[in-house]
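**Q** No gaps in the numbering here: position 46 of the sequence shown is 28 in my numbering, and each next residue is one more. From the three backbone atoms N, C-alpha and C, an ideal C-beta is built for every residue, glycine too. Sending over a structure as structure tokens; questions will come in a sec.
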Amino acid sequence: MEHGFWHKRWANTEIGFHQKETNDWLQKYWSLLGAKAAEVLVPLCGKSKDMLWLREQGHEVLGVELSDIACRDFFTEMGGEVAATAGPKFHTRELDGIKLHCGDFFKLDADDVARVGAVYDRAALIALPASMRKDYAAHLKSILPSGMRVMLICLEYDQQRESPPFCVSEIEVRKLYEPDFTVELIDAAELPDGRFEGEREKVYFLTRQ
Ligand SMILES: C[S@@+](CC[C@H](N)C(=O)[O-])C[C@H]1O[C@@H](n2cnc3c(N)ncnc32)[C@H](O)[C@@H]1O
């Protein structure tokens, strides 16, 4: 989506994607991913509470998020006002092992993720329209070294929609990531109280070859 779309959503607090609690899939499967006790990259992180949970598991966290409102509110809600430091690509805030780069995910390069040991994608890939999903997967491929593990949570449903969250099927996940990553389906569940017909979530582990 255009950057303006997301800035408007945050300015108007239209953030239905934001979860008040830690994601259930994350809590259930993160330990199985076998992530090293290193930094976890959270692309398109919003102000997700999942980052706090990852920090509690001993990881440092590197989030990347377009919206300054989201980055500011994340730390305010954590209980701290954190001033942003301006860099050439991002405005960065950091507190207690959580660093949020405010700016465009596509500006992230291999040096920025040199300390990253795993990636957590919830509502990042599915936030992007089809052409951007290709760019997103290609960009991850270009910056992540061999052996990197990714936990990916995708949404599927039976309708056609032209705004996020987008339906991203298992076929598409495999098309986007294989053969540069191996793709393992870990779990799937219908969401009976979902907003769309046939709404279901799937959890994948990806490994960069
Ligand atoms: C659907 S939300 C998901 C947020 C978070 N992952 C969560 O689970 O709450 C997608 C987020 O991606 C951010 N975003 C969209 N395009 C981006 C980009 N190119 N670079 C960085 N962040 C982006 C939006 O501002 C929005 O906060």
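1. Give the secondary structure of residue 50 by DSSP, where H, G and I count as helix, E and B as strand, and everything else as coil.
2. Tell me whether residue 103 sits in a helix, a strand or coil according to DSSP, three-state version.
3. Could you check what DSSP says for residue -3 in three-state terms: helix, strand or coil?
4. By alpha-carbon positions, which one of 100, 128, 157, 57 ends up nearest to residue 119?
5. Express the C-alpha separation of residue 116 and residue 50 in angstroms, rounding to a whole number.
6. Quick one: does the C-beta of residue 75 sit closer than 7 Å to a heavy atom of ligand 1?
7. Assuming the contact rule is C-beta atoms closer than 8 Å, residue 98 and residue 21 should be a hit. Round their C-beta distance to whole Å, please.
8. Going by the beta-carbon positions, is the gap between residue 56 and residue 29 smaller than 8 Å?
9. Run the CB neighbour count on residue 127, radius 10 Å, all protein chains shown included, and call it buried at 16 or more, exposed below.
10. For a test of your reading of the model: does the CB of residue 163 fall under 7 Å from any non-hydrogen atom of ligand 1? Yes or no.
11. Pick from 190, 52, -14: whose alpha carbon is nearest that of residue 123?
12. On a Cα-Cα basis, can you pick out the residue from 106, 154, 139, 163 that is closest to residue 88?
13. If we ignore side chains and look at the alpha-carbon of each, how far apart do residue 121 and residue 63 end up?
14. I want to see whether chain C comes within less than 8 Å of residue 8, judged by CB atoms only; does it?
15. The alpha helix (DSSP H) spanning residue 15 covers which residue range?
16. Using the Cβ count rule (16 or more neighbours within 10 Å means buried), how would you classify residue 68?
17. Kindly indicate which three-state DSSP category residue 170 falls into: helix, strand or coil?
18. Ligand 1 and residue 66: does the residue's C-beta get closer than 7 Å to at least one heavy atom of that ligand?
19. Taking just the CA atoms, how far does residue 136 sit from residue 41?
20. In the DSSP assignment, find the alpha helix (DSSP H) that holds residue 156 and state where it starts and stops.
21. Do residue 27 and residue 82 have their C-beta atoms within less than 8 Å of each other?
**A** Taking the structure as given:
1. Helix, per DSSP.
2. Three-state DSSP puts residue 103 in a strand.
3. Correct three-state label for residue -3: coil.
4. Out of 100, 128, 157, 57, 157 has the C-alpha closest to the C-alpha of residue 119.
5. Computed Cα separation, rounded: 25 Å.
6. Because no heavy atom of ligand 1 lies under 7 Å away, the Cβ of residue 75 does not count as near it: no.
7. Indeed, because the Cβ distance is near 5 Å, the residues count as touching under 8 Å.
8. Their beta carbons are under 8 Å apart, which means residue 56 touches residue 29 by this criterion.
9. When all chains shown are included, residue 127 counts as exposed.
10. Because no heavy atom of ligand 1 lies under 7 Å away, the Cβ of residue 163 does not count as near it: no.
11. For residue 123, the nearest C-alpha among the options comes from 190.
12. If we check each option's Cα against that of residue 88, 106 comes out closest.
13. Between residue 121 and residue 63, the alpha-carbon positions lie close to 32 Å from each other.
14. In the structure shown, chain C cannot be found, because there is only a single protein chain.
15. Element bounds for residue 15: 6 to 15.
16. Looking at its Cβ environment, which holds fewer than 16 other Cβ atoms inside 10 Å, residue 68 is exposed.
17. DSSP places residue 170 within a strand segment (E or B) once states are collapsed to three.
18. Taking 7 Å as the cut-off, the C-beta of residue 66 does not count as close to any heavy atom of ligand 1.
19. Take the alpha-carbon of residue 41 and the one of residue 136: they are about 23 Å apart.
20. Looking at the DSSP string, the run of the alpha helix (DSSP H) that includes residue 156 is 152 to 159.
21. For residue 27 and residue 82, yes; Cβs fall inside 8 Å.
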